[in-house]
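Asker: Residue numbers (our numbering): 8 to 314. Quick reminder that beta carbons are idealized off the backbone N, C-alpha and C, glycines included. Here you go, one structure.
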Amino acid sequence: MTHAPEPSGSTSPVDPLETPSFGDRLGRAFDLRGPVCVGIDPHAWLLRDWGLPDTAAGAESFGRQVVAAAAGQVGLVKPQVAFYERFGSAGYVALERVLTDARAAGLLSIADVKRGDLGTSAEAYGQAWLSPGSALEVDAMTVNAYMGVGSLEPVFALAGQTGKGLFLLAATSNPEAAAFQRAVVAEGTQAGHTVAGAVFDAVSARNARNGVGSTGSIGSFGVVLGATLDLATFGIDLAEAPARGLTPILAPGFGHQGAQVSDLRNLYGGYAQGVIVSESRSVLSAGPDRIRQAIARRVVEAGAARG
Ligand SMILES: O=c1ccn([C@@H]2O[C@H](COP(=O)(O)O)[C@@H](O)[C@H]2O)c(=O)[nH]1
Numbered sequence: 008m009t010h011a012p013e014p015s016g017s018t019s020p021v022d023p024l025e026t027p028s029f030g031d032r033l034g035r036a037f038d039l040r041g042p043v044c045v046g047i048d049p050h051a052w053l054l055r056d057w058g059l060p061d062t063a064a065g066a067e068s069f070g071r072q073v074v075a076a077a078a079g080q081v082g083l084v085k086p087q088v089a090f091y092e093r094f095g096s097a098g099y100v101a102l103e104r105v106l107t108d109a110r111a112a113g114l115l116s117i118a119d120v121k122r123g124d125l126g127t128s129a130e131a132y133g134q135a136w137l138s139p140g141s142a143l144e145v146d147a148m149t150v151n152a153y154m155g156v157g158s159l160e161p162v163f164a165l166a167g168q169t170g171k172g173l174f175l176l177a178a179t180s181n182p183e184a185a186a187f188q189r190a191v192v193a194e195g196t197q198a199g200h201t202v203a204g205a206v207f208d209a210v211s212a213r214n215a216r217n218g219v220g221s222t223g224s225i226g227s228f229g230v231v232l233g234a235t236l237d238l239a240t241f242g243i244d245l246a247e248a249p250a251r252g253l254t255p256i257l258a259p260g261f262g263h264q265g266a267q268v269s270d271l272r273n274l275y276g277g278y279a280q281g282v283i284v285s286e287s288r289s290v291l292s293a294g295p296d297r298i299r300q301a302i303a304r305r306v307v308e309a310g311a312a313r314g
């Protein structure tokens, strides 16, 4: 019996040699605009405060206004997909328009979608978010490795081919994650390491292998390490960064969740130059008329903290 070929969706072929890597684009964004990433999280209460309906149209207007305010000030935005998904297909159409605006404004977008599965299912998630020309195309997506880092192999491969990035959840900012993410791996090459440490090491090893670029180059594969945490207690040592292939860190937890941007260097040590400082509610709650100024303040704070 022959199998039908996997559908490739509305994607176009890419030449990996012609595609600058996500790590390179991220490095450029850091140099040009600093490390701040504005989260796009259209909570129902925020839509109300912004004078918008709690509908897909409201979430679209909200997202597009946030993108307009972020454009030219920061290098990155991070839409929280859950807040669009709650409106079903209309929410996805809204998100597609927000992403189109972000791309047109020269912003790198990270879909906070936290996908994870195995084999061809994992690959299909990757195709949805990382394939050039797909409706939901972004620069990077968040993924979870709780089916094993190896389960994400097809997504790593696709991201490598298309010049996209991945951020694997390693130590997340929510307090209830610690017991789980500090658990110890039972067997294999990572035996004895914490789950968080094993994810961090696996991602770092990939960046080290790919990090043949210049000193200070940034890898395309990153981890999520919450800013609310004492990362040493998760078995993660950030004291010394590698000379090339620095693993980027997506760092939620600043602002509303309590972490201070001024602590950037204490929190992330030798990796501070690769940290994406992500804030959502603390910026978005400024409202449509003051969000530009709120973002500008974060840019100054983060620039000073990063040095
Ligand atoms: O460890 C994690 C991973 C993801 N998030 C997401 O980031 C934002 C945080 O929003 P704030 O309003 O700045 O607290 C939100 O979309 C989370 O789902 C996280 O908080 N922690």
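In whole angstroms, give me the CA-to-CA distance for Val84 and Arg272.
Answerer: For Val84 and Arg272, the distance between alpha carbons rounds to 22 Å.
Asker: Considering only residues of the same chain and omitting the five flanking positions on each side of Glu308, which have a CB-CB separation below 8 Å?
Answerer: Result list for Glu308: Val268, Ser269, in chain order.
Asker: Around the C-beta of Val191, are 16 or more other C-beta atoms found within 10 angstroms, so that it is buried, or is it exposed?
Answerer: Exposed, since its Cβ has fewer than 16 Cβ neighbours within 10 Å.
Asker: Measure how close the beta-carbons of Ala234 and Leu274 come, nearest whole angstrom, since I'm counting them as under 8 Å.
Answerer: Between Leu274 and Ala234 the Cβ distance is about 6 Å, and since that is below 8 Å, they are a contact.
Asker: Measuring CA to CA, which of Ala66, Asp146, Phe241, Ala209 is closest to Asp31?
Answerer: Cα-wise, what sits closest to Asp31 is Asp146.
Asker: Given that a residue counts as buried once 16 or more other Cβ atoms are within 10 Å of its Cβ, and exposed if not, what is Leu232?
Answerer: Answer is buried; the Cβ neighbour count reaches 16.
Asker: By DSSP's criteria, Val284 is part of a beta bridge. Which residues make up the other side?
Answerer: Beta-bridge pairing links Val284 to Val43, Ala258.
Asker: Count the other C-beta atoms from every protein chain shown that fall within 10 angstroms of the C-beta of Pro60, then say buried if there are 16 or more, exposed otherwise.
Answerer: The residue is exposed, with fewer than 16 neighbouring Cβ atoms inside 10 Å.
Asker: Among Thr107, Gln72, Phe228, which has the Cα closest to the Cα of Gly170?
Answerer: Comparing Cα-Cα distances from Gly170 to each of Thr107, Gln72, Phe228, the minimum goes to Phe228.
Asker: Assign Pro27 to one of two classes, buried (16 or more other C-beta atoms within 10 Å of its C-beta) or exposed (fewer than that).
Answerer: Exposed is the call here.
Asker: From the DSSP output, in three-state form, read off Leu236 for me.
Answerer: It is coil, neither helix nor strand.
Asker: Using the DSSP secondary-structure output, state which residues sit across from Gly167 in a beta bridge.
Answerer: Answer is none; Gly167 lacks a bridge partner.
Asker: List the DSSP bridge partners of Thr149.
Answerer: Looking at the DSSP assignment, Thr149 forms a beta bridge with Phe174.
Asker: Contact check, Thr201 vs Gly155 under 8 Å by CB: the rounded distance?
Answerer: About 15 Å separates the two Cβ atoms, so there is no contact after all.
Asker: Would you kindly check if the distance between the Cβ of Val230 and the Cβ of Arg258 is under 7 Å?
Answerer: Looking at the sequence provided, one finds Ala at residue 258 rather than Arg. Result no, Cβ atoms of Ala258 and Val230 do not sit closer than 7 Å.
Asker: Please confirm whether Asp6 and Phe90 have their CB atoms less than 7 Å apart.
Answerer: The first residue shown for the chain is 8 and the last is 314, placing residue 6 beyond what the model contains.
Asker: Can you tell me whether DSSP reads Gly229 as helix, strand or coil?
Answerer: The answer is strand: DSSP assigns Gly229 an E or B state.
Asker: Measure how close the beta-carbons of Gly133 and Ala177 come, nearest whole angstrom, since I'm counting them as under 8 Å.
Answerer: 19 Å between Cβ atoms; not a contact.
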